[in-house]
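Take a look at the structure below.
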Amino acid sequence: MKNVKTPICDFVNRYAKSNTERWHMPGHKGAGTLGVEAFDITEVAGADSLYEADGIIRESEEIASTLFDAHTFYSTEGSSQCIRAMLYLALLKARNEKKPPLVWAARNAHKTFLSAVALLDIDVEWLYGSDKENYLSCTLCPTEIEQALKNADVLPIAVYLTSPDYLGNIADISALAAVCHRYGVLLLVDCAHGAYLKFLPTSLYPTDLGADMCCSSAHKTLPVLTGGAYLHLAKNVDTNLLSAAKDALALFGSTSPSYLILQSLDAANAYLAEECRENLIRATARLDELKVHLQSSGYTCVGNEPLKITLAPKSFGYTGTEIATHLRENGIECEFADNDFVVLMPDTDVGTNELAHLEMVLTSLSKREPITNTPPTPAKVERVMRVREALLSPAKTVAVEDSIGRILASPSVSCPPAVPIVVCGERIDAAAAEAFAYYGIEKLRVVKE
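Heads up, the sequence shown is in my numbering, so the first residue is 1265 and it goes up one at a time.
Pasting the structure below:
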């Protein structure tokens, strides 16, 4: 696709230049200190409406649908809104088919998944990966999932997973989708970090690989304002789910969606059609080369995501937070760092000068003796309450050392990475308390006794 239209941007530009007196929201009336107020509008005549789109927004979403080869809908509230919408649609399918509202979910789900489960009153069974993985990763084995489905007394309505995960691990979506579909189970994928995967020379996008639904945060990896995201339904999705997609998003979305973010999503269509693929070829080749150089210098790179660098720097003798501090002192701010990892996210056309600077800063450190302690593995603790019951129960804040034996009420984890160590409704044991302490979490919200 070339010369892609940008109907939302075009309309707002015309409106901004029209000198129309704005007797409508927002209160800045098109002028202010930020310089973008003229383009920040509401649902005036001709501007369409996000959840009842039949004009410029619908036209822009149809262009995005063609680019992603899926049914594509915009979110101005990130993938969080889309995760809730996906689970609502799964619940709708369960009710249509008179099946229990049960979802199997990989343990490294974002905390938004928990809030959605609570709001929708869905039951969850957790899926665990390798015992050697930390809480940010959860590699699901298709053979093991098939065996579990085969032996299940009650089948879930959906299997839910995160791919890529925060550390850049991509799941075997094709194999997992094939297994799920043999048992009539939906596959839902939180692909928040992977909007660009569609535009690699060979698509790694979940809906191209068999997933029924996925979300992706355009703002995380594409030139889109924060909050811009997509909900994708596969081309062959149940028509009942497709017809309910907008209602699902509206259920969780603000009635005042940002037109700045909508313009950003609209403008991104032209970039995706005209530049993104070639840029990604160059960027991923450059990143592959840099990863080789870093590993030859003694660093350990983890994950298989093409557009992300995840370092496990203990092999180099440093914690992730020490590396992050060193980077910051040299003008580089990483995406995330903890004791064990540093995550760096470049853009889709990262330049050689930027990569050379990053390599120079990282390799300017002297290698030290490796740090040998390892992160805790995901907690497998007693589940006492359903997620909804725990999250909506009266709660109190206690110190981690006083939490053993108590029931966790709400996730106590920062964002990023927003992956819960213990899940709402689970009883905190000594190992879980040690894991909280390892990640610097000092206080927890627990259910009142």
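Glycine residues also receive a C-beta, built at the ideal position from the N, C-alpha and C atoms.
Asked                                                                                                                                                                        : Found
In whole angstroms, give me the CA-to-CA distance for Leu1551 and Ala1459.                                                                                                   : 18 Å
Would DSSP call Met1719 helix, strand or coil?                                                                                                                               : This structure does not reach residue 1719, given that the chain is present from 1265 up to 1713, and the question cannot be answered.
How far does the alpha helix (DSSP H) with Phe1463 in it extend, from its first residue to its last?                                                                         : Note, Phe1463: premise wrong, no alpha helix (DSSP H); not H, not E.
Return the bridge partner residues of Lys1707 from the DSSP annotation.                                                                                                      : Ala1663
DSSP puts Thr1336 in a beta bridge; with which residues?                                                                                                                     : His1496
How would you call Thr1638, buried or exposed, if buried means at least 16 neighbouring beta carbons within 10 angstroms?                                                    : exposed
Based on DSSP bridge pairs, tell me the residues matched to Ile1305.                                                                                                         : None, per the DSSP bridge assignment.
For Leu1298 and Gly1517, what's the separation of their Cα atoms in angstroms?                                                                                               : 25 Å
Check whether the region 1626-1635 touches the region 1654-1668, counting contact only when three or more Cβ pairs, one atom from each stretch, lie closer than 8 Å.         : no
What residue does the beta strand (DSSP E) around Tyr1424 start on, and which one ends it?                                                                                   : 1422-1426
Should the region 1367-1386 be regarded as contacting the region 1416-1425, the criterion being three or more beta carbon pairs within less than 8 Å?                        : yes
Strictly by DSSP, which residues pair up with Cys1478?                                                                                                                       : Val1453, His1496
Exposed or buried, Ile1545, counting other C-beta atoms within 10 Å across all chains shown (16 or more means buried)?                                                       : exposed
Once the 5 residues before and after Cys1346 are set aside, which same chain residues still bring their CB inside 6 Å of it?                                                 : Ser1339, Cys1479, Ala1493, Leu1495
Could you tell me whether the Cβ atoms of Ser1676 and Val1710 are closer together than 7 Å?                                                                                  : no
Rounded to a whole number of angstroms, what is the C-alpha to C-alpha distance between Lys1707 and Thr1589?                                                                 : 25 Å
Check whether the region 1429-1439 and the region 1464-1473 touch, using three or more Cβ-Cβ pairs below 8 Å as the test.                                                    : yes
Thinking C-alpha only, which one of Leu1524, Leu1554, Leu1529, Val1449 is nearest Asp1502?                                                                                   : Val1449
Gly1491: buried (16+ other C-beta within 10 angstroms of its C-beta) or exposed?                                                                                             : buried
When the Cα of Arg1359 is compared with those of Asn1504, Ile1685, Glu1713, Lys1462, which residue comes out closest?                                                        : Asn1504
Drop a sphere of 10 angstroms on the beta-carbon of Pro1465, count the other beta-carbons inside from all chains shown, and report buried for 16 or more, exposed for fewer. : exposed
Taking the beta strand (DSSP E) that Thr1574 belongs to, which residues open and close that run?                                                                             : 1573-1575
Give the DSSP bridge partners of Trp1368, in chain order.                                                                                                                    : Glu1389, Val1423
May I have the straight-line CA-CA distance separating Ala1498 from Thr1616, to the nearest angstrom?                                                                        : 36 Å
Do the CB positions of Leu1672 and Ile1692 come within less than 7 Å of each other?                                                                                          : yes
I'd like the span of the beta strand (DSSP E) that includes Val1501, first residue to last.                                                                                  : Element bounds for Val1501: n/a, residue is neither H nor E.
In whole angstroms, what is the alpha-carbon distance linking Leu1619 and Glu1285?                                                                                           : 48 Å
Should Leu1314 and Ala1512 be called a contact, given that it needs their Cβ atoms to be closer than 7 Å?                                                                    : no
Just the Cα atoms here: how many angstroms apart are Ala1207 and Val1381?                                                                                                    : Residue 1207 falls outside the range modelled here, since the chain spans only 1265 to 1713, and no answer is possible.
CB-CB under 6 Å to Phe1580, same chain, minus the five flanking residues each way: which ones, in chain order?                                                               : Gly1562, Tyr1563, Lys1631
From the DSSP output, which residues share a beta bridge with Phe1600?                                                                                                       : Val1607
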